[in-house]
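Trainee:
Residue numbers (this note's numbering): 200 to 1193.
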C-alpha cells in the first residue's frame, strides 16, 4: 500500500497543479468579465438614475407651473376689467385677486399687469427697477403660458417672469421665485458631486442643486437635438465646475424649461474601483496560494497517504456516530480531565474541526460566564448520581460570536467495566435566536403599544368592547384604564356619530388592503366633554383568540382648527372681523334668484378724514375708530343683510329687501350720531353714503357695489351725506376719465402754460415776486384750474405736471434776470401729493443749477393740508428748502385746519391770507377781524404777510394801514404769460440796479 501510494504521489501533484492552473484561468477570465460587466452595469444604473431624477423633477415642474397657469387664467377676466376701467377700478379688485393668488402660491413674488403695448398697468411691490421688469410684447407668446428671461439685479432674489395673455390682449406677468425652483431640486439622491439643474430653453441656469444660487444666470450649452417633449443623455464635462458626469436632459413638462441631472462619473464608478481592486487582489492571492498549495501538496502527499488508513477508520467511526445523533460526539473517562471530541464537536466549540482529545477545563472556559457554574454543577451531579446529563448553554467563540449548545450525555461502562460518560452536542443557535426574536418582538410590540405617544387601543369587532388601551389614550381622553376596559368604542363617540360606527367597523374588517388609513376626520369625546378631531389608522388582528381591531388615533384638532381659521381669514377682514368684499359679493350674487323683479340695495359707507388721524393721533387710534364703527355697523346689519369692510376705510351694507333702504340709511346715520371713544379721547366720525339698487335680474352684485361706491364718491365731492346712484353720475365719471386722458396728452403736446401774477411790496410798490399759475389751453379754450387740478391730484398726474412747472418757472426766472429783473422771484404752488413725494427740494435745486439761478430765485407755496398729512416729513422738507435759500409760504391760511402748533414749529417765511378774507375787508367787520388776527399771528411768528385777491383800492389802503407786507390781486395786475409780464414790469416797475 505504501509503494502504491508513494508511486501515485507525482501523478496526484500533477493533477492538482493542472487543476489549479485551469481553475485559475477560469476564475481570472470570469472575474475580469464580471469586473467589466459590473462597470457597464454601474454606468447604466447611473444613467437610469439621472434620467429618473430628470423626469421626476420635470413632472414636478409641470404640475407646479400648470397650477400657476391655472391661477393666472382664473384672474384673466379680473385683469381685463381692471385694465379697461382705468379710472374707477373699485369694481375690479385686481390687487385683491393678486393677493389671494400669492397667499396660495408663496412661490410667486408678485403679479403684474401689462397692456397689449407692453406698458405696465399694475405692478406690485418689487425689489427691481421698472426698466428691469419691462415686458417685451414682441417676444411674448400669444395664448400659451410664456416664460421670460431670468431677472437678476443686485442682491434681490432672481425671478422668472411667467407671461399669460388675457382674452383682451393684456398680459399677466407672474414673478416666480427661483428659490421655489431651487427647493424642487434640493435633497435629490444624485451623490455629493451630482448635479440637478433647471434651465431656460436657451440654457440659462435658473436653479442648481447645492450651490446656493452661485451659478444662477450663467448659460450652459443645451443638446442640439433636444426638442419639446423629448429626452436625451450625454456624457460631458460640466462648464460650471469641471466635473465629468453622465448627464440626462428632459423637456417633457410642456413648458420652456430644460431639466438636467448629472451623476458624477467619479462617484458612480467609485464602488467599482474598490470592487475591481479587491477582485484583482483576491486573484493575485489565489495564484500565490495555488503556487504554495502545489508545492505544499508535493511535500506532504506521501505522509498523508500513510495516515490515510487510520484517518479513514476514524472518519468511518465519526460518520456513523454523527449519522446516529446528528451532532458532535464526545466521551470522557471517569476522573479524567480530558474529553475525546469528534471533529464536529470540536468545531462547535471553536476548536479546530478535527477529532481530538481536549482538556475539560478548555470546554468550560468557552462557556458563557453566566452559564458555566450551572453546567459544571449539572455535569458533576450526573457523574455522582448516574442520571443522564442534559443542559443548554452559551459558548463564546474565539472570534467573539456566541453559540447556543444543547448537550446530552449518559453514564456507561466500557468492556473493562470502567465508567465512561459519552453523549452528543448540538448547535441550537438558530432555534434559540428564533425563540428570542419572538420574545423580543412581543416585548417590542407591548412597548410600542404602551409607550407610543399616540393613543392606541384594541377592540372586539363584534361587541365593540375595548380590550386594551395604552397610556397615551388614558392621558388624552381622561378615562382611567379600568374605565376604558369597561367601555365600548361607541362611548368615545358623540351621540350624533354613533349610528355610523358599526358600518365603519364592518367596512374596515372587510377591507382587502391592510393596514387601513382613513382619510376621514372623526370626532371623539373626552371624559370632560372636549371634542377631539382624529384621523384613524387601523388593522385587523387576533387578540386572545378574538377578532379584534388595532386602532391608532392621530389627533388632528390643531390642523382642523388651522384650516377653519384659514377659511375664516379667507372670507373676513382680520382688523374688523367683517366679511371681505369678495365674500360679500359671493353671498349677494344669488340673492333673489327665482323671484321675478327681485331687487336689493347696497349702501357704500365711506368714512371721512381718517387719513388725518394717523399722522396726528397715531395708527393705533385710527384702527380703534375703524373697529368701533365696524362693530356698530355689524349690529345694524343684523336686521338687514351682509356687511363687509372694503379698503380705504369703507363699508358695504346690503338690504336684500330694496324697499327698506331708507330704514337702513337712517340706522347707519344713527351709527355716526355718537362719537367714538378711544384711548386718545372722544372722536366724532362722519361718513358719505352712496346707495345703489340692482336694476335688472342679470345685473351682477359687483356692478351694484361699483355704483354705490361711485355715488359715495360723488357725495364726497358735493359734501352731501347721502347720494343715490344715477346714470348722470356715470356720465360725470366718464367725463372725469376723459379729462384725465386729455391731461396725459396735454403734458406731452405742450398744452400747459404758465401765467404770472406780480406780488407787490406795499411800502414802496416794488414787485418782489410773481406767482406762477398753471393754465391749460385746449381746443375749446382754457380749462378752469379748479376742474383739472383736483383731477390731476387724484390721478397722480400732478407729480409730472409739477416737475414741468418747476422747470418752466426756473426758465422764466432766468429770462427775468436777463431782462434786468433778477430780484423778482417766482413762487411755485406745490401740490400736497407732490410735496409728500419728497422730491421737491431736489427738483428745485437741480432746476436752479441748470438755469444758473441765484439763491432765493424760486419760492414755494404750500397749503395747510400738505403740511398736516405727514408733519414730520413736511418739516424736514421745508428745512431742506430753506437751507437751499428757497422761501416757503403757507397759502390760503385760515381755510383749512389752521393748526397753530404746526405753524409754530415749521420753517416758514410768508403767511398768505386767503382772498375770501381780503374781499371787502374795508367794509366787512368779520373779515376785518379775521385779517387783523391773522396779521397779528404772522407778525408774532416773525412771518411776512401777503394778502391775496386785492381787487379794490380801498382794500389795498386798509391792508397798508394794518402793516401788511405784500399784496397780490387783480387791482395790481391780472395773470399774464411771461412776455406780457416782462413788458408790464418794464412799464410799471423800476428794474433792479437802476
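Note that the Cβ used here is the ideal one computed from N, Cα and C, for glycine as well. Here the structure is a predicted model, which means the values were calculated and not measured.
(1) Anyone know if the C-beta pair for residue 198 and residue 1116 falls short of 8 Å?
(2) Using a 10 Å radius around the Cβ and a threshold of 16 neighbouring Cβ atoms, would you call residue 880 buried or exposed?
(3) Leaving out five residues before and five after residue 385 in sequence, what residues of the same chain have Cβ atoms less than 7 Å from its Cβ?
(4) Do residue 725 and residue 757 have their beta-carbon atoms positioned less than 8 Å apart in this structure?
(5) Using a Cβ-Cβ cut-off of 7 Å (strictly less than) and excluding sequence neighbours within five positions of residue 727, which residues of its own chain qualify?
(6) I want to know whether the segment 861–881 touches the segment 894–905 - three or more CB-CB distances under 8 Å.
(7) Return the CA-CA distance between residue 276 and residue 310, expressed in angstroms with no decimal places.
(8) Going by DSSP in three states, residue 1090 sits in which element: helix, strand or coil?
(9) Figure out for me which residue from 1001, 342, 278 and 414 has the closest Cα to the Cα of residue 319.
(10) Give me the Cβ distance between residue 1195 and residue 688, rounded to the nearest whole Å; I'm assuming they're in contact under 8 Å.
(11) Check whether the Cβ atoms of residue 746 and residue 660 lie closer than 8 Å to each other.
(12) Could you pull out every residue in the same chain whose Cβ sits closer than 8 Å to the Cβ of residue 448, ignoring the five residues on either side in sequence?
(13) Check each candidate in 356, 829, 1172 and 215 and name the one with the smallest Cα separation from residue 884.
(14) Which one of 352, 323, 367 and 371 has the shortest CA to CA distance from residue 346?
(15) Quick test of your reading: residue 557 and residue 527, contact by CB under 8 Å. State the CB separation rounded to the nearest angstrom.
(16) Write down the C-beta distance between residue 387 and residue 361 rounded to the nearest angstrom, noting that I regard them as a contact closer than 8 Å.
(17) Among 823, 364 and 770, whose alpha-carbon lies nearest the alpha-carbon of residue 295?
(18) Taking residue 666 as the reference, give the member of 749, 601 and 696 with the closest Cα.
(19) Thinking residue 848 and residue 809 are a contact (beta carbons under 8 Å), I'd like their distance in whole angstroms, please.
(20) Would the beta-carbon of residue 955 fall within 8 Å of that of residue 1174?
(21) What does residue 1201 pair with, by DSSP beta-bridge criteria?
(22) Using 8 Å as the threshold, is the C-beta distance between residue 1007 and residue 1052 below it?
(23) If you compare alpha carbons, which of 898, 1133, 832 and 620 is closest to residue 606?
(24) To the nearest angstrom, report how far apart residue 1096 and residue 914 are at their CA atoms.
(25) According to DSSP, simplified to helix, strand and coil, what is residue 1061?
(26) Do the segment 668–676 and the segment 637–653 make contact, defined as three or more Cβ pairs closer than 8 Å?
(27) Hey, how far is the Cα of residue 589 from the Cα of residue 577?
(28) Determine the closest residue to residue 231 out of 531, 495 and 472, with distance taken between C-alpha atoms.
(29) Hey, how far is the Cα of residue 1032 from the Cα of residue 958?
(30) Which class does residue 474 belong to by DSSP, given the choice of helix, strand or coil?
(31) Looking at C-beta atoms only, is the number of pairs between the segment 223–230 and the segment 478–493 that lie closer than 8 Å three or more?
(32) Give me, in chain order, the residues of the same chain whose beta-carbon lies closer than 7 Å to that of residue 734; leave out the 5 immediate sequence neighbours on both sides.
(33) Any idea what DSSP makes of residue 608, helix, strand or coil?
(34) State the DSSP-derived secondary structure class of residue 399, mapped to helix, strand or coil.
(35) Counting only the same chain and skipping the five closest in sequence on each side, list residues whose C-beta sits under 6 Å from that of residue 218.
(36) If you count every other CB in all the chains shown that lies within 10 Å of the CB of residue 1076, and 16 or more means buried, which is it?
Mentor: The short version:
(1) Only positions 200 to 1193 of the chain appear in this structure, which leaves residue 198 out of reach.
(2) For the purposes of this step, residue 880 is identified with residue 681 of the chain shown, where counting begins at 1. Exposed.
(3) If you number the chain shown from 1, residue 385 lands on position 186. Result list for residue 385: 408, in chain order.
(4) Locating residue 757 in the chain shown gives position 558, counting from the first residue. Locating residue 725 in the chain shown gives position 526, counting from the first residue. No, the pair does not count as a contact, with Cβ atoms beyond the cut-off.
(5) In the chain shown, counting from the first residue as 1, residue 727 sits at position 528. Result list for residue 727: 677, in chain order.
(6) no
(7) By 1-based counting over the chain shown, the position of residue 276 is 77. By 1-based counting over the chain shown, the position of residue 310 is 111. Each residue's alpha carbon lies about 15 Å from the other.
(8) By 1-based counting over the chain shown, the position of residue 1090 is 891. Residue 1090 falls in the strand class under three-state DSSP.
(9) Locating residue 319 in the chain shown gives position 120, where the first residue counts as 1. Of the candidates 1001, 342, 278 and 414, the one whose C-alpha sits nearest the C-alpha of residue 319 is 278.
(10) Any answer about residue 1195 is impossible in this case: the structure gives the chain only from 200 up to 1193.
(11) Indexing the chain shown from 1 puts residue 746 at position 547. Indexing the chain shown from 1 puts residue 660 at position 461. Against a cut-off of 8 Å, the Cβ pair of residue 660 and residue 746 comes out as a contact.
(12) Within the chain shown, the letter at position 249 stands for residue 448. 253, 421, 422, 425, 430, 431, 432, 433, 457, 458 and 459, listed in sequence order.
(13) Start at 1 with the first residue of the chain shown, and residue 884 comes out as number 685. Considering only alpha carbons, the answer is 829.
(14) The sequence position of residue 346 within the chain shown is 147, counting from 1. Comparing Cα positions, the closest option is 371.
(15) Stepping through the chain shown from its first residue, residue 557 is reached at position 358. Stepping through the chain shown from its first residue, residue 527 is reached at position 328. Contact doesn't hold; Cβ gap of about 12 Å is too wide.
(16) Sequence index remark: in the chain shown, residue 387 carries index 188 (1-based). Sequence index remark: in the chain shown, residue 361 carries index 162 (1-based). About 24 Å separates the two Cβ atoms, so there is no contact after all.
(17) Looking up residue 295 in the chain shown gives position 96. Out of 823, 364 and 770, 770 has the C-alpha closest to the C-alpha of residue 295.
(18) One-based indexing of the chain shown puts residue 666 at position 467. Of 749, 601 and 696, the residue nearest in Cα terms is 749.
(19) In the chain shown, the residue the question calls residue 848 occupies position 649. In the chain shown, the residue the question calls residue 809 occupies position 610. Indeed they touch by this definition, with Cβ atoms about 5 Å apart.
(20) For the purposes of this step, residue 955 is taken as the residue at position 756 of the chain shown. For the purposes of this step, residue 1174 is taken as the residue at position 975 of the chain shown. For residue 955 and residue 1174, yes; Cβs fall inside 8 Å.
(21) Residue 1201 falls outside the range modelled here, since the chain spans only 200 to 1193, and no answer is possible.
(22) Taking the chain shown and counting its residues from 1, one reaches residue 1007 at position 808. Taking the chain shown and counting its residues from 1, one reaches residue 1052 at position 853. The answer is no: Cβ separation not under 8 Å.
(23) Along the chain shown, read from residue 1 onward, the residue named residue 606 stands at position 407. The shortest C-alpha separation from residue 606 is found at 620.
(24) As a first step, residue 1096 must be located in the chain shown, where it is residue number 897. As a first step, residue 914 must be located in the chain shown, where it is residue number 715. Per-residue confidence for residue 1096 stands at a pLDDT of 46, beneath the threshold of 50, marking its modelled position as unreliable; no derived number is given.
(25) The residue you call residue 1061 lines up with position 862 of the chain shown. Residue state, collapsed to three classes: strand.
(26) yes
(27) Indexing the chain shown from 1 puts residue 589 at position 390. Indexing the chain shown from 1 puts residue 577 at position 378. Looking at the two C-alpha atoms, the distance is approximately 8 Å.
(28) The count along the chain shown starts at 1 and reaches residue 231 at position 32. The shortest CA-to-CA distance from residue 231 to any of 531, 495 and 472 is the one to 472.
(29) Here residue 1032 corresponds to residue number 833 of the chain shown, with the count starting at 1. Here residue 958 corresponds to residue number 759 of the chain shown, with the count starting at 1. Going from the Cα of residue 1032 to the Cα of residue 958 covers about 25 Å.
(30) Here residue 474 refers to the residue found at position 275 of the chain shown. Reduced to three states, the DSSP call for residue 474 is helix.
(31) yes
(32) By one-based count along the chain shown, residue 734 stands at place 535. Result list for residue 734: 717, 720, 753 and 755, in chain order.
(33) Locating residue 608 in the chain shown gives position 409, where the first residue counts as 1. Residue 608: strand per DSSP, three-state reduction.
(34) By 1-based counting over the chain shown, the position of residue 399 is 200. Strand at residue 399.
(35) For the purposes of this step, residue 218 is taken as residue 19 along the chain shown, with counting starting at 1. None.
(36) Numbered from 1 along the chain shown, position 877 holds the residue referred to as residue 1076. Buried is the call here.
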